[in-house]
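Numbers given in this note's numbering equal positions in the sequence shown, counted from 1, plus 4.
A quick write-up on the structure given underneath.
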Amino acid sequence: MSFLGLKKVIIMNLKWNKYKIKHYYLQFKQRCKYWGYQSKEIAAQIFIPLAIFQLVRTIFFPTPFDVFLLLVIFAIILFLLIDWL
């Protein structure tokens, strides 16, 4: 097989049809769901203990920065961990 024939075979294998695109789209969607789930689990392990610690700290030593930080942590928990979608 000559070089041109090999190039033609490679180009023929790269043709896309609607079934391949749909298959790749579904695979990508499944990977995104897995990464989304995994990132939510990591966020839960980080932000929930951090929120509890910040809540205790805010109760004993209330400063405006502590209250603001606690609100930001609660907002992150709401946006990342509640499964609305």
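Glycine residues also receive a C-beta, built at the ideal position from the N, C-alpha and C atoms.
Three or more C-beta pairs under 8 Å: does that hold for the segment 50 to 57 against the segment 68 to 83?
They touch, by the three-pair rule.
Excluding the 5 residues preceding and the 5 following Ile74 in the sequence, name in chain order all residues of the same chain whose CB lies nearer than 8 Å to its CB.
For clarity, residue 74 is Leu in the given sequence; the question names Ile instead. For Leu74, where only same-chain residues beyond five positions count, the Cβ hits under 8 Å are Ala55, Gln58, Leu59 and Thr62.
Rounded to whole angstroms, what's the CA-CA distance from Phe83 to Phe64? Just pull it up for me.
Taking the straight line from one Cα to the other gives about 27 Å.
Sorted by chain position, which residues of the same chain lie with C-beta nearer than 7 Å to Lys44's C-beta, five sequence neighbours on each side aside?
So the list reads Leu84 and Leu85, once near-sequence residues are dropped.
Please state the DSSP three-state secondary structure of Leu89.
Per-residue confidence for Leu89 stands at a pLDDT of 48, beneath the threshold of 50, marking its modelled position as unreliable; no derived number is given.
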